[in-house]
Structure formats: C-alpha cells, structure tokens
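Participant:
Protein chains: 2
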Amino acid sequence: MKIGVLGTGSVGKTIAGRLVSLGHKVRMGSRSSGGEKARVWVSEAGDLASEGTFSDAAAFGEILFNCTSGTGSLSALELAGAANLAGKILIDLVNPLDFSNGTPPSLSVCNTYSLGEQIQEAFPELKVVKTLNTMWSGLMVNPGLVNNGDHSVFICGNDPSAKETVKNDILVAFGWNPSNIEDLGDITKSRGTEMYLPLWLSVYGAGSSGVFNVKIVR
Amino acid sequence: MKIGVLGTGSVGKTIAGRLVSLGHKVRMGSRSSGGEKARVWVSEAGDLASEGTFSDAAAFGEILFNCTSGTGSLSALELAGAANLAGKILIDLVNPLDFSNGTPPSLSVCNTYSLGEQIQEAFPELKVVKTLNTMWSGLMVNPGLVNNGDHSVFICGNDPSAKETVKNDILVAFGWNPSNIEDLGDITKSRGTEMYLPLWLSVYGAGSSGVFNVKIVR
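Heads up: the sequence lines are chains E and C, in that order.
Heads up, the first sequence is in our numbering, so the first residue is 1 and it goes up one at a time.
Heads up, the second sequence is in our numbering, so the first residue is 1 and it goes up one at a time.
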C-alpha cells in the first residue's frame with residue numbers, strides 16, 4: 001500500500017520505518033521538502049521510502065498517519081490540503097501536548113473537546129481514526145516488547161469501515177492481537193484516550209521508563 | 001481502628017461496609033444526621049456502625065474517607081471542620097464529575113489542577129491520599145472480582161508515611177497485592193488519575209460493564 005506519514009520526529013520515523021519493513025511504500029512529509037531528518041531517513045530506509053512536503057505525502061498516501069506535534073497538527077493538515085485528504089483515512093496518534101509552561105506538559109484541548117474531534121471537524125471528508133496515542137512509539141509498532149504483546153490499544157472514529165481497515169491492515173500487522181483492540185466508538189472518544197496522557201506521564205515519571213502499557217482486565 | 005466515611009451514596013456504603021467487615025468501627029457522615037440512607041446502613045451493618053453529621057464522622061475517625069460527590073467535596077469538608085480534619089489522613093477516592101451538561105459527565109477541574117490538589121490546598125493540615133478513584137466501587141474493596149485480583153491501583157499524596165499507612169492498613173486489607181499498588185508521587189499526580197475517568201467511561205460505555213480495571217504491564 002502507499003502510505004503518507006506526516007511528521008519527521010521520532011514517532012514519524014518509528015511508524016514510517018515499521019511500515020517500510022512491512023513492505024509498504026512510504027512518503028514522509030514535513031513543512032518543507034528536503035529537510036535533513038527526512039533525507040537521512042530516506043537514505044537509511046531504502047527504495048520504498050521517499051519524502052516531500054505535507055502536501056506531497058498526503059497526495060501520495062492511500063492511508064495517512066498524523067505524527068506531527070499536537071499544537072502543529074491542524075496547520076500541518078492545512079498545508080497537506082483538504083483536496084489531498086478527502087476520502088482518505090487519517091490515523092491520528094497525536095496528543096495535544098502543550099509544553100508552553102514546561103514539563104510535565106498540560107493539554108492544549110481536553111475535557112469537552114479533543115484534538116481528534118478538532119481534526120475531524122476541520123476536515124469533514126477525512127476519516128479520522130484515533131489510535132495508538134496511549135503509549136511510547138516503540139510499543140505502537142512492536143507490542144511484543146512487553147507482556148508478550150498482551151496489552152490494550154484503543155481505537156475510535158466515526159467511520160466503522162475505516163476502523164476495520166486500520167485494525168486489520170495496520171494494527172494487526174504491527175503485532176496487535178485483535179482481542180486487545182478496544183473499539184470505544186466515535187471520534188468523541190478521543191477525549192478519553194488523550195486525557196489518559198497525564199496518567200501515562202505520571203507512571204512514566206514514577207518508574208523512569210516509557211516501556212509499559214495498560215491492559216484492560218475484566 | 002475508628003474510621004469516618006464522608007458520604008452516604010453507593011461508594012460510601014461500599015467502603016463503609018467493607019471496613020466494618022474488616023472489624024473497624026465506622027461512622028458514616030452526611031450533611032444532616034439521621035438521614036434515611038445512613039440509618040438504613042447502620043441498622044444493616046451492626047454494632048460497629050454509627051452515623052452522624054460530616055463533623056461527627058470527621059471527629060470520630062482516625063482515618064477518613066472522602067466518598068462525597070465531586071462537586072460537593074469541598075463544602076462537605078468545610079462542614080466537617082478544619083479542626084476535626086487536622087493531622088488526619090483523608091483517603092480521597094472522588095472524581096470531579098460534572099453532570100450539569102448531562103452524560104457522559106465532564107470534569108469540573110482538570111489539566112492544570114485537580115480535586116485532590118484543591119482539597120489539599122484548602123486543608124493544609126490534612127494528609128490527602130488520592131487512591132482507588134480509577135474503578136467501580138465494588139472493585140475498590142474486592143479486587144479479586146477480576147483477573148484474580150491482578151490489576152493496578154494508583155496512589156499519590158504529599159505525605160510518604162500517610163501513603164504507607166493507606167497501602168498497608170487499607171489497600172492490602174481490601175485485597176490489593178502490594179506489587180500492584182502504583183505510587184505516582186505527590187498530590188499533583190491526582191490530575192492523571194482523575195483525568196483517566198473519561199477513558200474509563202468510554203470503556204464502560206463500549207462494554208456496558210463497569211467490572212473492569214487496568215493493569216500496568218512492563
């Protein structure tokens with residue numbers, strides 16, 4: 001499949017690298033094409049990898065990943081262009097972290113709204129699927145790193161078939177057991193997964209390691 | 001031990017009942033003494049149970065539980081009286097749920113502040129220990145109901161010895177395995193455990209059961 005990854009930070013590189021290893025053609029997008037981080041990634045990732053602007057990556061991908069910063073996501077998607085986004089699935093794994101008052105970050109939006117909803121509202125023809133935003137990026141693409149892969153990933157979004165595609169073609173391919181994929185419902189459920197981040201940060205802070213996740217037990 | 005339980009709702013009754021079953025003397029407090037819910041509970045719970053005002057319960061208890069509503073907690077503690085609270089441990093298991101716009105509730109405080117912090121700031125001589133607020137009340141007092149009791153409970157507060165007392169005398173007595181008690185640090189960590197509630201509500205809504213919890217896996 002052709003996949004566009006918006007963002008060249010560590011999350012974007014982790015996602016893009018894993019997608020290439022699964023045989024997908026991946027174009028990484030950033031504010032300007034030819035930036036150093038994107039060029040280094042392409043040179044290391046091989047023939048399936050390419051890079052360009054947000055618009056280039058969005059036009060290229062049949063499925064898109066949002067790996068930009070929380071405060072930069074909406075402007076990045078504006079640059080990607082509504083016409084390049086229309087009808088496509090956007091896997092949004094971003095949290096609206098606000099570092100303007102230092103660490104730990106607060107959230108730039110929460111409680112009665114969420115970044116997932118903001119994106120869906122700004123680009124109504126995009127099929128926003130929020131998932132993977134509750135863990136360290138290394139675990140997103142390799143859940144087997146802890147507890148033999150037996151832990152939970154949440155998913156939500158307004159389009160049921162888009163969620164099925166993400167579950168089957170992306171999450172299961174990354175190594176997630178279908179029984180551990182918790183479908184929470186529509187995109188308003190982004191509020192819950194984004195607001196989990198302060199708890200994640202507290203557990204991280206207490207244990208000094210991000211290599212953990214939660215498993216829902218019943 | 002003599003324990004005061006502030007609040008006569010289902011959470012208060014669950015906590016108070018379990019404490020009596022463990023042999024503690026429990027006084028349940030509410031806005032007015034002699035209310036029907038408190039009287040019924042006392043008549044059912046036996047000789048170790050008594051009831052009175054918030055002030056009566058606070059004066060009685062060596063350890064106190066806050067089981068009031070999120071929006072009513074500060075006024076309940078005002079009625080309990082700072083002099084009755086000074087130097088004592090308050091186990092705060094309340095979430096600042098705001099139902100003024102219907103369900104699902106939003107939070108009346110979050111992100112850069114929390115109910116746990118509000119209480120600690122309003123009553124500086126109280127030793128506020130936030131715990132148990134991330135699950136259905138039945139699980140708080142009987143973790144063995146799911147996954148053989150193997151799941152996580154979070155705890156935070158400014159006073160390390162108060163947290164040790166709560167861990168050893170309350171949580172372990174309720175059935176929690178010490179290895180599943182996650183100490184997050186000071187009372188500011190209440191933000192994380194309170195902000196987890198929207199995710200809890202989403203999982204609850206998707207599965208139509210509150211009999212679940214999270215386990216941190218590493």
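Where a beta carbon is used, it is the ideal one built from N, C-alpha and C, also for glycine.
As the structure is a prediction and not an experimental result, all values here were calculated from the model.
#1: Residues bridged to C:Thr53 by DSSP?
#2: Rounding to the nearest angstrom, what Cα-Cα distance links C:Asn133 and E:Val153 in this structure?
#3: Please name the residue or residues paired with C:Ser179 in a DSSP beta bridge.
#4: I want to see whether chain C comes within less than 8 angstroms of E:Lys189, judged by CB atoms only; does it?
#5: Is C:Ser100 near the ligand MG, in the sense that its beta carbon is under 7 angstroms from a heavy atom of that ligand?
#6: Quick one: Cα of E:Ala16 to Cα of E:Lys25, how far?
#7: Tell me the rounded alpha-carbon separation between C:Gly12 and E:Thr103.
#8: Starting from C:Leu6, trace the beta strand (DSSP E) both ways and give me its first and last residue.
#9: For E:Asp47, count the other beta carbons within 10 Å of its own beta carbon; 16 or more makes it buried, fewer makes it exposed. Which is it?
#10: I'd like to know whether the C-beta atoms of E:Gly70 and E:Phe54 end up nearer to each other than 8 angstroms.
#11: With contact counted as at least three CB pairs below 8 angstroms, one residue from each stretch, are the stretch 175 to 190 of chain C and the stretch 99 to 117 of chain C in contact?
#12: Could you tell me which uninterrupted beta strand (DSSP E) segments, each at least 3 residues in length, are contained entirely in the stretch 111 to 186 of chain E, listed from first to last along the chain?
#13: Please report the straight-line C-alpha distance between E:Ile155 and C:Ala38, rounded to a whole angstrom.
#14: Quickly, what does DSSP pair E:Asp98 with across the bridge? List them, please.
#15: Enumerate in chain order the residues of its own chain whose CB-to-CB distance from E:Asn84 is below 8 angstroms, with the five nearest sequence positions on each side excluded.
#16: Nearest CA to the CA of E:Asp98: which residue from E:Val128, E:Met140, E:Leu197, E:Ile216?
#17: At what residues does the alpha helix (DSSP H) containing E:Lys13 begin and finish?
#18: Please report whether the beta-carbon of C:Lys130 lies at a distance below 8 angstroms from any beta-carbon of chain E.
#19: Taking the straight line between their C-alpha atoms, what separation do you get for C:Val166 and C:Glu78?
#20: Since E:Gly81 and E:Gly4 are thought to touch, with beta carbons under 8 angstroms apart, how far apart are those beta carbons, to the nearest angstrom?
Facilitator: Checking against the coordinates, here is how it stands:
#1: C:Thr53 pairs with C:Ser30.
#2: C-alpha separation (whole angstroms): 22 angstroms.
#3: DSSP lists no bridge partner for C:Ser179.
#4: Judged by the 8 angstroms Cβ criterion, E:Lys189 is in contact with chain C.
#5: By its list of ligands, the structure shown contains no ligand whatsoever, and the ligand MG lies outside what it can speak to.
#6: Looking at the two C-alpha atoms, the distance is approximately 9 angstroms.
#7: Taking the straight line joining both Cα atoms gives about 36 angstroms.
#8: Residues 2 to 6.
#9: A residue is called buried once 16 or more other Cβ atoms fall within 10 Å of its Cβ, and E:Asp47, having fewer, is exposed.
#10: Not a contact, by the Cβ cut-off of 8 angstroms.
#11: Contact check between the stretch 175 to 190 of chain C and the stretch 99 to 117 of chain C: three or more CB pairs, one atom from each, fall below 8 angstroms, which counts as touching.
#12: Taking only runs of at least 3 residues, the beta strand (DSSP E) segments lying wholly in the stretch 111 to 186 of chain E are 127 to 131, 153 to 157, 181 to 185.
#13: Between E:Ile155 and C:Ala38, the C-alpha separation is close to 42 angstroms.
#14: Answer is E:Ser106, bridged to E:Asp98.
#15: Within the same chain, Cβ atoms closer than 8 angstroms to the Cβ of E:Asn84 are found at Ser55, Ala58, Ala59, the five residues on either side in sequence being excluded.
#16: Measuring from the Cα of E:Asp98, the nearest candidate turns out to be E:Leu197.
#17: Note, E:Lys13: alpha helix (DSSP H), 10 to 21.
#18: Chain E contact via Cβ: absent.
#19: Spanning the two alpha carbons is a distance of roughly 23 angstroms.
#20: Actually they do not touch by this definition, with Cβ atoms about 12 angstroms apart.
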